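Some notes on the structure that comes next.
2 protein chains.
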Amino acid sequence: MRRILIIEDEPNLALGLRANLEVEGYDVSVAESGEAALHSADAGRLDLVILDLMLPGIDGFEVLSRLRARGVDAPVLILSARADEIDKVRGFRAGADDYVTKPFGVMELLLRVQALLRRSSPESPSRQAWRFGDIEVDAERRSVLRAREEVALTPRAFELLLALLANAGAVMARHELLRTVWGYDSSVTTRTVDAHVAELRRKLEVNPAEPRHILTVHKVGYRLRT
Amino acid sequence: MRRILIIEDEPNLALGLRANLEVEGYDVSVAESGEAALHSADAGRLDLVILDLMLPGIDGFEVLSRLRARGVDAPVLILSARADEIDKVRGFRAGADDYVTKPFGVMELLLRVQALLRRSSPESPSRQAWRFGDIEVDAERRSVLRAREEVALTPRAFELLLALLANAGAVMARHELLRTVWGYDSSVTTRTVDAHVAELRRKLEVNPAEPRHILTVHKVGYRLRT
DNA sequence: AGGCGTTTTACAACTCTTTCACAAGTCTCT
DNA sequence: AGAGACTTGTGAAAGAGTTGTAAAACGCCT
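If you read the protein sequences in the order shown, they are chains A and B.
Be aware that the first sequence starts at 1, since it is given in my numbering, and climbs by one per residue.
Be aware that the second sequence starts at 1001, since it is given in my numbering, and climbs by one per residue.
Okay, structure coming up:
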């Protein structure tokens, strides 16, 4: 569960926010002052900080830079009554990731929180998976989806696809593919690669005769364009 | 260098933004329509997208979802004239990472761009790549871009270009080029080099009859001026 | 044996390379 | 400066080589 710290001295706002965020499934704590915030930050991992700039005691910018100094790397969303550009500039320069001016819509704030969390480190370690066009490849499940529909690839073709994906964008020579997929000492013809590429195109390309992703590089090999 | 795509149909705004971003050291391209944007997205890696919602042709939201469908994972900052919360909600739901309403301060926008890039994946390890004029050459992808458009070079011509790039600025004699590109024991005429140089000029020079980069050194060979 | 996946083969289609011929340009020598 | 010799640019065309593709041959497993 994602942990969010709200640093806000006005109880109504803080509690309202907290309630809304908890409905969304976040684990929320509130600090009513900069000192309290720094204390909370020491207590454990944080995934996001919502920081009001107008605080009693330590100034909001100061809180932010002290948080960063303590190694808090979580995205910080600043809440402020001041909409002047100069204030925003100061906020971003201090290391904020977003700056929302009061009054704000709760929905917008929730979505901004969501957007920030989406970009930060994922909750569960993501598995080896790729997408290109309408194709989704999951290495662990060994599955390939085309337009959400499962596509049945032969094992060799799947390995070939993985090899291309692992070097997506780069050209892979036929012999490189042979080494990667067939192993160091295989006695297989380079033309075999072509046969499997044909299978991939037939099953994954909209128009196999005019491939948009599995591209031929004449006299060299193949390249996967994502 | 971070690559930013601006999708904006109003030239003044697009060019102003572009200039500002370029001063900050970003590599900026502009698409004036959704179609053009999708096309650009196919051409290569993007680190950030700035998307105006009001576009001719394909709707901005549609552009965003199609970009995502193509596997474009870069953060997207929406620019919009509409400040209603309902619009913002729609934008974030579509997968945007930030939403800025017009009119906006340039400074704020630059900082938001910076904040988004800071969070996204670190700059990719630099690979063997060169630029001269409006030409970009990527050895690993074996791709050549002219004004962001992919140029199709024949294999031999590409090798020749690499040889010239490897010694950019220096004169390379025809026989040196033959040795480098064709191999130690080739029985090919030196005139063959000329034929491939002609291809390079035809495809890469603005005015092939008056080359500005691939220069002839009379009685010796060729020289690439970057 | 039958089914499945893999590899090879054969041929057609296609792309690239090289050479040639002539035009245009550059240099050298008087 | 001008003539002649030589060098380079360029488009076309032959042919050499590469790739796409379908089908056959092979081998493995049940």
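From the three backbone atoms N, C-alpha and C, an ideal C-beta is built for every residue, glycine too.
The model shown is predicted, which means the values in this text are computed figures rather than measured ones.
Check, Outcome
"Contact between the region 1045 to 1052 of chain B and the region 1141 to 1161 of chain B (3+ Cβ pairs under 8 angstroms)", "no"
"Meets three-Cβ-pair contact criterion under 8 angstroms: the region 1051 to 1071 of chain B and the region 1031 to 1038 of chain B", "yes"
"Where I1078 (chain B) sits in the DSSP three-state scheme", "strand"
"Where the beta strand (DSSP E) containing G221 (chain A) begins and where it ends", "G221 to L224"
"Cβ-based neighbour list, Y1026 (chain B), same chain, cut-off 6 angstroms, excluding 5 preceding and 5 following", "R1002 and I1004"
"Listed by chain order, chain B residues near V217 (chain A) by CB distance under 7 angstroms", "R1142"
"Cβ-based neighbour list, L165 (chain A), same chain, cut-off 7 angstroms, excluding 5 preceding and 5 following", "W130, V137 and L224"
"D27 (chain A) - containing alpha helix (DSSP H), residue span", "Run containing D27 (chain A): none in the alpha helix (DSSP H); it sits in the beta strand (DSSP E), D27 to A31."
"Bounding residues of the beta strand (DSSP E) (the contiguous stretch that carries R3 (chain A))", "R3 to I7"
"Extent of the continuous beta strand (DSSP E) to which A37 (chain A) belongs", "No beta strand (DSSP E) contains A37 (chain A), which is instead part of the alpha helix (DSSP H) from G34 to A43."
"Contact residues within the region 1085 to 1103 of chain B, judged by C-beta distance below 9 angstroms to chain A", "E1085, I1086, K1088, V1089, G1091, F1092, R1093, G1095, A1096, D1097, D1098 and Y1099"
"Straight-line gap, L1153 (chain B) to F61 (chain A) (C-alpha atoms, nearest Å)", "54 angstroms"
"Bridge-paired residues (DSSP) for R146 (chain A)", "A:I135 and A:E149"
"K1088 (chain B) classed as buried or exposed, judged by whether at least 16 other C-beta atoms fall within 10 angstroms", "buried"
"Exposed unless 16 or more other CB atoms sit within 10 angstroms - verdict on A198 (chain A)", "exposed"
"Simplified DSSP state of L1111 (chain B), which is helix, strand or coil", "helix"
"Start and end residues, alpha helix (DSSP H) containing L204 (chain A)", "T190 to L204"
"Residues of the region 161 to 185 of chain A whose Cβ lies closer than 9 angstroms to any Cβ of chain B, in chain order", "N167, G169, A170 and V171"
"DSSP three-state assignment for D993 (chain B), whether helix, strand or coil", "Because residue 993 (chain B) is not part of the residues shown, which for chain B are 1001 to 1226, the question remains open."
"Contacting positions in the region 1055 to 1084 of chain B - beta carbon closer than 8 angstroms to chain A", "A1069, R1070, G1071 and P1075"
"Inter-stretch contact at 8 angstroms, needing at least 3 Cβ pairs: the region 202 to 215 of chain A / the region 1012 to 1025 of chain B", "no"
"Reduced DSSP secondary structure (H/G/I, E/B, other) of A173 (chain A)", "strand"
"Residue(s) in a DSSP beta bridge with I1058 (chain B)", "DSSP lists no partner for I1058 (chain B)."
"Close-in-space but distant-in-sequence residues of the same chain around E85 (chain A) (CB under 7 angstroms, 5 per side omitted)", "none"
"Rounded Cβ spacing between D97 (chain A) and L116 (chain A) (contact assumed at less than 8 angstroms)", "6 angstroms"
"P75 (chain A) burial status per 10 Å Cβ neighbour count (16 or more: buried)", "buried"
"Beta-carbon gap between R1201 (chain B) and I1214 (chain B) smaller than 8 angstroms", "yes"
"Helix, strand or coil at V72 (chain A) according to DSSP, with G and I counted as helix", "coil"
"Reduced DSSP secondary structure (H/G/I, E/B, other) of A129 (chain A)", "strand"
"Among A:H175, A:A147, A:G91 and A:V72, the one whose alpha carbon lies nearest that of S187 (chain A)", "A:H175"
"Test item: CB-CB of D134 (chain A) and A1069 (chain B) under 8 angstroms", "yes"
"C-beta atoms of A1041 (chain B) and L1067 (chain B) nearer than 8 angstroms", "yes"
"Residue(s) in a DSSP beta bridge with D1098 (chain B)", "B:L1077"
"7 angstroms CB neighbourhood of L162 (chain A) in its chain, flanking five on each side removed", "A139"
"Run of the beta strand (DSSP E) containing E215 (chain A), from where it starts to where it stops", "Glu is not the amino acid found at residue 215 (chain A); the sequence shown has Leu there. First-last of the beta strand (DSSP E) with L215 (chain A): I214 to V217."
"Residue range of the alpha helix (DSSP H) that includes D1087 (chain B)", "E1085 to R1093"
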